[in-house]
Amino acid sequence: MVVLKIFKSPLCIVSVILFVFLIVINDYLLSENYSSSLRKMLRIGALERNVDDLFPIKFYHIAFVDYRTNTPRLRIFSISGCLGNSKYLNVDIHQKGMRTPARMKIYGRPMEGHCPSAYWPATPCFFSAHTFEANLSVTGGLTKVVIKLGLRKVELSVQEIHNPVQKGITMCLIPMYYYSQWQNIVLYIEAWRAQGATRFIVFYHSSTKDTRKVLDYYQDLGIIEMRPWPSFGSLPNDIAEKYPNIDNSAYIFAYFLALNLCIPEIKTTIGAVIDFDEIAVPRNGTTLDYATKEMTGTNVGALIFENNYVSMNPSIYTSEFSGVSSPTFYSKSGPQKVRHSMFERLISYLFFQYIFNASVIELCQVHHVESFIDKSKISKKSDGALLHLRYNVKSFQANTILKPFRFFPNNASHHIQNMHETVKSIFGKTPPPVSLKSLNTFNICEKRSENQGMCHGATCKSDMDAVHEWVYDRTEGVFLSGEY
Ligand SMILES: *[C@@H]1O[C@H](CO)[C@@H](O)[C@H](O)[C@H]1NC(C)=O
Ligand SMILES: *[C@@H]1O[C@H](CO)[C@@H](O)[C@H](O)[C@H]1NC(C)=O
Ligand SMILES: *[C@@H]1O[C@H](CO)[C@@H](O)[C@H](O)[C@H]1NC(C)=O
Ligand SMILES: *[C@@H]1O[C@H](CO)[C@@H](O)[C@H](O)[C@H]1NC(C)=O
1 MVVLKIFKSP
11 LCIVSVILFV
21 FLIVINDYLL
31 SENYSSSLRK
41 MLRIGALERN
51 VDDLFPIKFY
61 HIAFVDYRTN
71 TPRLRIFSIS
81 GCLGNSKYLN
91 VDIHQKGMRT
101 PARMKIYGRP
111 MEGHCPSAYW
121 PATPCFFSAH
131 TFEANLSVTG
141 GLTKVVIKLG
151 LRKVELSVQE
161 IHNPVQKGIT
171 MCLIPMYYYS
181 QWQNIVLYIE
191 AWRAQGATRF
201 IVFYHSSTKD
211 TRKVLDYYQD
221 LGIIEMRPWP
231 SFGSLPNDIA
241 EKYPNIDNSA
251 YIFAYFLALN
261 LCIPEIKTTI
271 GAVIDFDEIA
281 VPRNGTTLDY
291 ATKEMTGTNV
301 GALIFENNYV
311 SMNPSIYTSE
321 FSGVSSPTFY
331 SKSGPQKVRH
341 SMFERLISYL
351 FFQYIFNASV
361 IELCQVHHVE
371 SFIDKSKISK
381 KSDGALLHLR
391 YNVKSFQANT
401 ILKPFRFFPN
411 NASHHIQNMH
421 ETVKSIFGKT
431 PPPVSLKSLN
441 TFNICEKRSE
451 NQGMCHGATC
461 KSDMDAVHEW
471 VYDRTEGVFL
481 SGEY
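The sequence shown begins at 1 in the UniProt record's numbering and counts up one residue at a time.
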């Protein structure tokens, strides 16, 4: 029992205690709770430095000026290595009618609160999403923002954020990658529109050709707005070799970044971060009316919907939608003999989804609100339900139960007919089958990266390319690392 002996040695025990102590201290220092004066002290103590051209960082090409607060705030988003407490950006603010720009020093923070992420599957990842914020004293409109990174500079265009006024719900979707279950999209759009959603923002990385056809159909109707989510590309030549490849070492396509880039785009009173296989429904009426009633004139800034796995008979993957009028619900407590892959556990970790008042949201996480602009706002648990489709829910072997929730607030047969007509106008009489093989390939690949303790990033690309021909987004100029 060599192992036991090692653990008995007093030196080892002392080191373990010391190690745990260091982790706790480190966690405490990193947590958002410690006072900003302590943070300032640390910055002064820890040799302040600007983010320079040797630092591994890429910026989203748009900087936002947020007018939802009394003092407008500049928001810049990046994917980068951990910044620590002492790194800042040198930023030149160009204003209308001003010849010389105003120089600002802007500190950043990881969107997930910690860097590397404290969320275990993301911890091995080198690159994390960061946000840089500064209060602006300037009043005029900004024309552009130029970040000075040592010898390089990055030029960002500027977009304004105003308090949303249109009544409705904007749906923000996490980046779509290697997506094949196109029927989910048809049900999602039909059900969410019936529940009051008016806009759908989809960050697109990759999908099957059939899925892309469905997205293009809704985009042409003006229902879906697509945002390119291409490969992050490489770092500049002089530093690229020193760091991991960004695509492979950013947690599943940096979805935190995409979610928070969607918030500035919301022009409706309510927003939601809910994926293509999930519909949040109230007990009665529409989600929009229910959420408006719960939030208006109260301190509720977000409503949380609890996960419910559902299946349909027949399955919607046969392209027959009649089963959606009475979904089957599964009990959470039933036996779950199948060992879930990390990705599936991640999905079930997202047991809650939420919708929020778009005027007060600051930062989003996938499953909860990270922060509100208005600190008096809170998240409240709703008495509605999240209907969550899982293609393999039957393999969970849970008991089925009865629940009063439905996808549609009114005449379901009308919506079922709509979905059949939609599928017919996209694909004609014989809709294509879904390739469940590619889903399995993804799960196997991802289990492998889990076993190897690797970041769950784009490392599955070659596996996925081997089983299917994917339509990738190849837009250039979305993530910038600057020029000399
Ligand atoms: C901006 O101003 C607000 C209100 O005065 C303050 O709470 C916040 O910390 C400031 N933000 C930054 C990044 O300085
Ligand atoms: C459902 O909503 C309708 C319309 O708002 C209302 O008339 C009805 O009483 C509600 N039913 C229940 C059970 O709450
Ligand atoms: C959102 O919050 C703002 C500020 O508190 C409030 O005026 C507005 O009524 C809220 N909107 C909804 C739909 O809850
Ligand atoms: C429900 O929808 C079907 C199909 O569109 C239609 O024939 C029927 O009249 C509708 N029923 C009601 C009560 O609106």
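All C-beta atoms in this analysis are idealised placements derived from N, C-alpha and C, irrespective of residue type, glycine included.
### Query
Taking DSSP as the reference, what is the three-state secondary structure of Phe-200?
The residue given as residue 200 occupies position 200 in the sequence shown. For Phe-200, the secondary structure class from DSSP, reduced to helix, strand or coil, is strand.
### Message
Determine whether the beta carbon atoms of Cys-125 and Tyr-251 lie at a separation below 8 Å.
### Response
To locate residue 125, count along the sequence shown from 1; it is residue 125. To locate residue 251, count along the sequence shown from 1; it is residue 251. Closer than 8 Å, so yes.
### Message
Which of the three DSSP states is assigned to Tyr-391 in this structure?
### Response
Sequence index remark: in the sequence shown, residue 391 carries index 391 (1-based). If DSSP states are grouped into helix, strand and coil, Tyr-391 belongs with coil.
### Message
Quick check on the DSSP output: what are the complete alpha helix (DSSP H) runs of length 4 or more inside the region 140-201, in order along the chain?
### Response
Runs of the alpha helix (DSSP H) lying entirely within the region 140-201, each at least 4 residues long, are 182-194 in chain order.
### Query
Name the DSSP beta bridge partners of Tyr-107, please?
As a working mapping, residue 107 is identified with position 107 in the sequence shown. Answer is Tyr-88, bridged to Tyr-107.
### Message
Can you confirm whether Val-434, when its beta carbon is compared against all beta carbons of chain D, has any partner nearer than 8 Å?
### Response
Structure shown: chain D not included; a single protein chain is present.
### Query
Which ranges does the beta strand (DSSP E) cover as unbroken runs of at least 3 residues, wholly within the region 217-286, from first to last along the chain?
Taking only runs of at least 3 residues, the beta strand (DSSP E) segments lying wholly in the region 217-286 are 224-228, 268-273, 278-281.
### Task
For Trp-229, count neighbouring C-beta atoms within 10 Å of its own C-beta (all shown protein chains included) and say buried if the count is 16 or more, exposed if not.
As a working mapping, residue 229 is identified with position 229 in the sequence shown. Buried, because 16 or more other Cβ atoms sit within 10 Å of the Cβ of Trp-229.
### Heavy atom of ligand 3 within 7 Å of Ile-355 beta-carbon
Counting from one through the sequence shown, the residue named residue 355 turns up at place 355. Exclusion of Ile-355 from the 7 Å shell around ligand 3 follows from its C-beta lying no nearer than that to any non-hydrogen atom of the ligand.
### Query
Mapping DSSP to helix, strand and coil, what is Asp-53?
Counting from 1 along the sequence shown, the entry for residue 53 is found at position 53. Here Asp-53 carries a coil assignment [DSSP, helix/strand/coil].
### Task
Output the distance between the C-alpha atoms of Ser-348 and Phe-329, rounded to the nearest integer angstrom.
For the purposes of this step, residue 348 is identified with residue 348 of the sequence shown, where counting begins at 1. For the purposes of this step, residue 329 is identified with residue 329 of the sequence shown, where counting begins at 1. With a pLDDT of 45 at Ser-348, under the threshold of 50, the modelled position of this residue cannot be trusted; read the value that follows with caution. So the alpha carbons of these two residues sit roughly 15 Å apart.
### Task
Drop a sphere of 10 angstroms on the beta-carbon of Leu-29, count the other beta-carbons inside from all chains shown, and report buried for 16 or more, exposed for fewer.
On the sequence shown, residue 29 is found 29 positions in, with the first residue counted as 1. Bear in mind that a pLDDT of 43 at Leu-29, under 50, signals an unreliable position, so the number given afterwards is only what the model happens to contain. Here Leu-29 is exposed, its C-beta having fewer than 16 other C-beta atoms within 10 Å.
### Message
Only counting the same chain, and skipping five residues up and downstream in sequence, which positions put a Cβ closer than 6 Å to that of Val-324?
### Response
Residue 324 sits at position 324 when you count from the first residue of the sequence shown. Answer for Val-324: Met-312, Phe-407, listed in chain order.
### Message
Within a Cβ cutoff of 6 Å, which residues of the same chain sit near Ser-379, ignoring the five residues on either side of it in sequence?
### Response
In the sequence shown, residue 379 corresponds to position 379, counting from 1. The beta carbon of Ser-379 is closer than 6 Å to those of Ala-302, Ile-304, Val-369 in its chain, skipping five residues each way along the sequence.
### Task
Starting from the C-beta of Met-104, find all residues in its chain whose C-beta is less than 7 Å away, skip the five residues before and the five after it, and write them out in chain order.
Working through the sequence shown from its first residue, we reach residue 104 at position 104. By the criterion of a C-beta distance shorter than 7 Å, Met-104 is surrounded in its chain by Val-91, Ile-93, Ala-134, once the five residues flanking it on both sides are discounted.
### Task
Please name the residue or residues paired with Tyr-119 in a DSSP beta bridge.
As a first step, residue 119 is located in the sequence shown; it is residue number 119 there, counting from the start. DSSP output for Tyr-119 lists no bridge partner at all.
### Query
Closer than 5 Å from C-beta to any heavy atom of ligand 1: which residues, in chain order?
Summarising the contact set, residues whose Cβ lies nearer than 5 Å to any heavy atom of ligand 1 are, in chain order, Glu-133, Asn-135.
### Query
Hey, would you say Ile-174 sits closer than 8 Å to Ala-240, going by beta carbons?
As a position in the sequence shown, residue 174 is number 174, starting the count at 1. As a position in the sequence shown, residue 240 is number 240, starting the count at 1. The criterion of a C-beta distance shorter than 8 Å is not satisfied by Ile-174 and Ala-240.
### Message
Measuring only the C-alpha atoms, how far is Lys-375 from Met-464?
### Response
To locate residue 375, count along the sequence shown from 1; it is residue 375. To locate residue 464, count along the sequence shown from 1; it is residue 464. Taking the CA atoms as reference points, Lys-375 sits about 44 Å from Met-464.
### Task
Would you identify the three-state DSSP class for Ser-435, choosing helix, strand or coil?
Start at 1 with the first residue of the sequence shown, and residue 435 comes out as number 435. In the structure shown, Ser-435 sits in coil (DSSP, three-state: anything other than H, G, I, E or B).
### Task
Could you please give me the residues that DSSP links to Val-310 through a beta bridge?
Taking the first residue of the sequence shown as 1, we reach residue 310 at position 310. Partner(s): Phe-329, Leu-389.
### Query
Would you report the Cα separation of Phe-405 and Ala-254, rounded to the nearest angstrom?
Here residue 405 is taken as the residue at index 405 of the sequence shown, counted from 1. Here residue 254 is taken as the residue at index 254 of the sequence shown, counted from 1. Between Phe-405 and Ala-254, the C-alpha separation is close to 33 Å.
### Message
Measuring straight from C-alpha to C-alpha, what distance separates Ile-201 and Ile-274?
### Response
Here residue 201 refers to the residue found at position 201 of the sequence shown. Here residue 274 refers to the residue found at position 274 of the sequence shown. Ile-201 and Ile-274: Cα-Cα distance of roughly 11 Å.
### Expected contact under 8 Å - CB spacing of Leu-288 and Gln-166 to nearest Å
Start at 1 with the first residue of the sequence shown, and residue 288 comes out as number 288. Start at 1 with the first residue of the sequence shown, and residue 166 comes out as number 166. In fact, because the Cβ distance is near 12 Å, the residues do not count as touching under 8 Å.
#### Entry: Counted within 10 angstroms of its Cβ, other Cβ atoms place Ser-382 as buried (16 or more) or exposed
Taking the first residue of the sequence shown as 1, we reach residue 382 at position 382. Buried is the label assigned to Ser-382, since at least 16 other Cβ atoms lie within 10 Å of its Cβ.
### Query
Which first and last residues belong to the alpha helix (DSSP H) in which Lys-424 is found?
Your numbering for residue 424 matches position 424 in the sequence shown. Lys-424: member of the alpha helix (DSSP H) spanning 412-427, first to last residue.
#### Entry: Residue environment, Met-171, which counts as buried when at least 16 other CB atoms sit within 10 Å
Stepping through the sequence shown from its first residue, residue 171 is reached at position 171. Buried, because 16 or more other Cβ atoms sit within 10 Å of the Cβ of Met-171.
### Query
Does at least one heavy atom of ligand 3 sit under 7 Å from the Cβ of Ala-374?
Along the sequence shown, one-based indexing puts residue 374 at 374. One detail in the question is off: residue 374 reads as Asp in this sequence, not Ala. Within the chosen limit of 7 Å, ligand 3 reaches the beta carbon of Asp-374 through at least one heavy atom.
### Query
In its own chain, which residues sit with a C-beta less than 7 Å from the C-beta of Ser-36, not counting the 5 before and 5 after it?
Residue numbering aside, residue 36 sits at position 36 when the sequence shown is read from its first letter. Only weak support is given to the placement of Ser-36: the predicted model assigns it a pLDDT of 48, under 50, and the value that follows is read from those uncertain coordinates. The same chain holds no residue with a CB closer than 7 Å to that of Ser-36 once the five nearest residues on each side in sequence are set aside.
### Query
Beta carbon of Gly-168, beta carbon of Arg-199: below 8 Å?
Translated into the one-based positions of the sequence shown, residue 168 becomes position 168. Translated into the one-based positions of the sequence shown, residue 199 becomes position 199. Going by C-beta atoms, Gly-168 is nearer than 8 Å to Arg-199.
### Message
Could you compute how far the alpha carbon of Arg-212 sits from the alpha carbon of Val-471?
### Response
One-based indexing of the sequence shown puts residue 212 at position 212. One-based indexing of the sequence shown puts residue 471 at position 471. In this structure, the CA atom of Arg-212 is about 7 Å from the CA atom of Val-471.
### Query
If we count the other Cβ atoms within 10 Å of its Cβ and call it buried at 16 or more, is Tyr-290 buried or exposed?
For this step, residue 290 is matched to residue 290 along the sequence shown. Buried, by the Cβ-count rule.
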